[in-house]
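First up is the structure itself, then whatever we jot down about it.
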Amino acid sequence: MTRVAAYAAPAAGRPLVPFVVDRREPRADDVEIDVLFCGICHSDIHQARDEWSGATFPMVPGHEVVGRVRRVGATVRRVRVGDLVGVGCMVDACRTCVPCRHGTEQFCDAGCAWTYNGTEMDRVTPTFGGYSKRLVVTERFVLRVPDGLAPEAAAPLLCAGITTWSPLRAYGCQRGTRVAVAGLGGLGHMAVKLAAAMGAEVTVLSTSSKKEADARRLGAHAFCVTRDAASFEAIGERFDLLVDTVSAPHDFGDYLSTLRPHGTMVLVGVPPTATPLDAFALIHGNRRLAGSLIGGIAETQEMLDFCGAHRIVSDVEVIPMSKVNEAYERVVRGDVRYRFSVDLATLPDV
Ligand code: NAP
Ligand code: ZN
Ligand code: ZN
């Protein structure tokens, strides 16, 4: 066991405070990682505040991890000491069930091991996430970060990147696809960059009129402010695919109304409360409403390799660990351009 400095929420909604976690000695197939940077995902906030219920405390959030390999177990072959690597939302799964064999470990029949707010596959040992100086993760759940990507800006790819990549790929985003991205936050800005790099015609649907210049700089071709029913009516039926990253309750019907016939809206944002839906919003135009949960490990590597080839990273504001509570408030207020990345070097050793 190694004692490692971390930051934890001691109970639901309480500010995060310094904390110490024990990391296991690397087993034969383990990789021990010195965490360099960890992104702050809105899901960290939902869970630290127990907005989805069932959260366990103390909680060390963080599932957008980039670090350097410090030690490897005897059988590890894919990474070496000194390599730049990433860890996302999962640290293990059963590895044998159909979803695991098909590369959708997030739907493991046994339930995957989430990076935090969960347990290892023994279902006893709690997992603690990336707001900590070191992680020990089985090789199979460690991703290679391509050369040339700045580690602080690559960290958000491990959740915001894969969560938007997966539905764009699954629903056929390609040259000329008319894609709308609802919400220009951490996930939304990655969706814009990725969809634009795939050749799509990208429109941002945002509640913040001040984000238009950013949206265009990120690669969007059009920008619509969505405040009321009239603003959705003005958009008309325009999109083949809409990726909804909105974190707060909102009317799905309004967004569905912007789809062309047979268009698809994919929910990736997880508002804390349920949303009623008028059946006509789907029936008119044979529209489809879908959901998407992060992405599998092989798919995550594919996304990272694409980002390496296209030089795509997140726009980040790097902060010290001590500013995490302030950063949470700012994310909730929509005051981040477009992801906080915590510098773990600012967390003193225990
Ligand atoms: P974020 O940075 O806070 O972005 C959310 C964006 O939603 C905001 O920037 C804002 O964009 C928009 N928004 C906020 N309140 C709104 C409202 N009342 N009406 C309309 N738009 C509103 O959060 P994030 O880290 O990107 O995460 C987004 C959501 O995805 C969260 O719920 C998170 O838990 C979830 N998530 C899901 C997965 C998955 O696997 N499905 C993975 C990661 C995260 P504008 O200012 O442009 O309007
Ligand atoms: Zn996340
Ligand atoms: Zn499985």
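In the numbering used here, the protein residues as written are 852 to 1201.
Positions of the beta carbon are idealized from the N, C-alpha and C atoms, including for glycine.
Here valine 886 is near valine 916, since their CB atoms are less than 8 Å apart. Secondary structure of phenylalanine 1074 (DSSP, three-state): strand.
The three-state secondary structure of alanine 1064, taken from DSSP, is helix.
Taking the C-beta atoms as reference points, phenylalanine 992 is found nearer than 8 Å to valine 942.
Within a 10 Å sphere around the beta-carbon of glutamine 957 sit 16 or more other beta-carbons, which makes this residue buried.
A residue is listed when its beta-carbon falls short of 5 Å from at least one non-hydrogen atom of ligand 2; in chain order these are Cys892, Ser894 and Cys1010.
Taking 8 Å as the cut-off, the beta carbon of threonine 1058 is found no closer than this to the beta carbon of arginine 1089. A Cβ-Cβ distance of about 16 Å is found for the pair valine 1076 and valine 1053, leaving them out of contact under the 8 Å criterion.
Counting along the chain, the unbroken alpha helix (DSSP H) around arginine 952 starts and ends at 949 to 952.
Leaving aside the five residues that flank serine 1173 on each side, none in its chain has a CB nearer than 6 Å to its CB. Set against 7 Å, the gap from the CB of threonine 1124 to the closest heavy atom of ligand 1 is not smaller. The criterion of a C-beta distance shorter than 8 Å is not satisfied by valine 987 and aspartate 1105. Within the same chain, and ignoring the five residues on either side of leucine 1128 in sequence, the residues whose Cβ sits closer than 7 Å to its Cβ are Phe1103 and Gly1104. For valine 938, the closest C-alpha among the options Ser983, Thr1126 and His1135 is that of Ser983.
Distance from the CA atom of glutamate 1180 to the CA atom of aspartate 1186, rounded to whole angstroms, is 8 Å. Cα atoms of arginine 1020 and valine 1201: separation of roughly 43 Å, rounded to the nearest angstrom. Counted as a single uninterrupted DSSP element, the stretch harbouring glutamate 971 is not any beta strand (DSSP E), since DSSP gives it neither H nor E. Out of Gln1025, Thr1109 and Ala1080, the CA that lies nearest to the CA of glycine 1087 is found in Thr1109. Every alpha helix (DSSP H) of 4 residues or more that sits fully in the region 866 to 930 is shown, in chain order, as 893 to 899. Taken through DSSP and simplified to helix, strand or coil, threonine 1058 comes out as coil. Residue range 1090 to 1095 is occupied by the beta strand (DSSP E) that includes phenylalanine 1090. Taken through DSSP and simplified to helix, strand or coil, isoleucine 1170 comes out as strand. Leaving aside the five residues that flank alanine 1073 on each side, the residues in its chain whose CB is nearer than 7 Å to its CB run, in chain order, Thr1054.
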